[in-house]
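Numbering (my numbering), first residue to last: 1262 to 1512. Worksheet: one structure, shown below.
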């Protein structure tokens, strides 16, 4: 089967850090050199970062690439429902990425599965009116474990400048929450992303790992509140349970 051959081609390329000649690949797969070139073009079109050309060789660059998978009907339904939710409620870049991913999954579904996939009886509810946002900078800060300098406006309209250590974003139907350690408050805080007026990525990494911050945050949320503990904001209390459940998946 061609699908199995494409998977085998990927496995061979993954085993070599340096360019591999087309002739070697063709012989390993027991195909003609023309067939090999077509297979490489197919994988490149599907997103595999294969670099090279005839006479030089080919190499697979490191990156995210999922080869063809055999999915059960419920697994297809779960994927499509999840991508539809993200395309409806996530910020602009993630929503666009979800739509593109959904199109790619739909394009490779077998013909006998396609009608059922488009008629999946699992639908995302109607979107509420959310502010159009681009949270790419926040996600980058989390990924790089870098500090953020933000200007934040509270519910009363007062603005404060803060340096925070962001470690997670919670996506909800009525808004998005950034979870972070706040240097000025010396405590964990949850920030509504639509109230972040300015954000600047700083050069400094925060002194803890992102997963360590999450574990400390989780322990604080699960601990029984003390009488002397100052109440957190209404949004924080309302969202904490959902955010905790979502972030548990990182464990």
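The beta carbon of each residue, even a glycine, is placed where N, CA and C say it ideally should be.
Beta-carbon spacing of residue i, residue j below 8 Å
{"i": "residue 1428", "j": "residue 1457", "result": "no"}
{"i": "residue 1341", "j": "residue 1366", "result": "yes"}
{"i": "residue 1449", "j": "residue 1440", "result": "yes"}
{"i": "residue 1407", "j": "residue 1465", "result": "yes"}
{"i": "residue 1444", "j": "residue 1423", "result": "yes"}
{"i": "residue 1290", "j": "residue 1270", "result": "yes"}
{"i": "residue 1442", "j": "residue 1396", "result": "no"}
{"i": "residue 1352", "j": "residue 1394", "result": "yes"}
{"i": "residue 1436", "j": "residue 1453", "result": "yes"}
{"i": "residue 1463", "j": "residue 1401", "result": "no"}
Backbone secondary structure at residue i - three-state DSSP
{"i": "residue 1477", "result": "helix"}
{"i": "residue 1490", "result": "Low per-residue confidence applies at residue 1490: pLDDT is 47, beneath 50, and the placement is therefore not dependable, though the value from the model is reported in the following sentence. DSSP places residue 1490 in coil when its eight states are reduced to three."}
{"i": "residue 1321", "result": "strand"}
{"i": "residue 1451", "result": "strand"}
{"i": "residue 1368", "result": "helix"}
{"i": "residue 1348", "result": "helix"}
{"i": "residue 1337", "result": "helix"}
{"i": "residue 1293", "result": "coil"}
{"i": "residue 1512", "result": "For residue 1512, the predicted model reports a pLDDT of 34, less than 50, meaning its position is unreliable; a value from the coordinates is still stated below. Residue state, collapsed to three classes: coil."}
{"i": "residue 1361", "result": "helix"}
Beta-bridge pairing of residue i - partner residues as DSSP gives them
{"i": "residue 1431", "result": "1438"}
{"i": "residue 1421", "result": "1413"}
Nonlocal neighbours in the same chain, by C-beta distance under 6 Å from residue i, ignoring five residues either side
{"i": "residue 1460", "result": "1398, 1409, 1411"}
{"i": "residue 1405", "result": "none"}
{"i": "residue 1282", "result": "1318"}
{"i": "residue 1364", "result": "none"}
Boundaries of the beta strand (DSSP E) in which residue i is found, first to last residue
{"i": "residue 1458", "result": "1457–1466"}
{"i": "residue 1272", "result": "No beta strand (DSSP E) holds residue 1272; the alpha helix (DSSP H) holding it covers 1263–1275."}
{"i": "residue 1484", "result": "Run containing residue 1484: none; DSSP gives neither H nor E here."}
{"i": "residue 1408", "result": "1407–1414"}
{"i": "residue 1313", "result": "1311–1314"}
7 Å Cβ shell around residue i - same chain, five flanking residues per side excluded
{"i": "residue 1421", "result": "1413"}
{"i": "residue 1301", "result": "1311, 1319"}
{"i": "residue 1293", "result": "1287"}
{"i": "residue 1359", "result": "1344, 1347, 1348, 1351"}
Unbroken alpha helix (DSSP H) run spanning residue i, endpoints
{"i": "residue 1284", "result": "1283–1290"}
8 Å CB neighbourhood of residue i in its chain, flanking five on each side removed
{"i": "residue 1279", "result": "1318, 1320"}
{"i": "residue 1322", "result": "1310, 1311, 1312"}
{"i": "residue 1417", "result": "none"}
{"i": "residue 1481", "result": "1449"}
{"i": "residue 1298", "result": "1283, 1315"}
Any C-beta of chain D under 8 Å from that of residue i
{"i": "residue 1425", "result": "The chain inventory of the structure shown lacks chain D, comprising one protein chain alone."}
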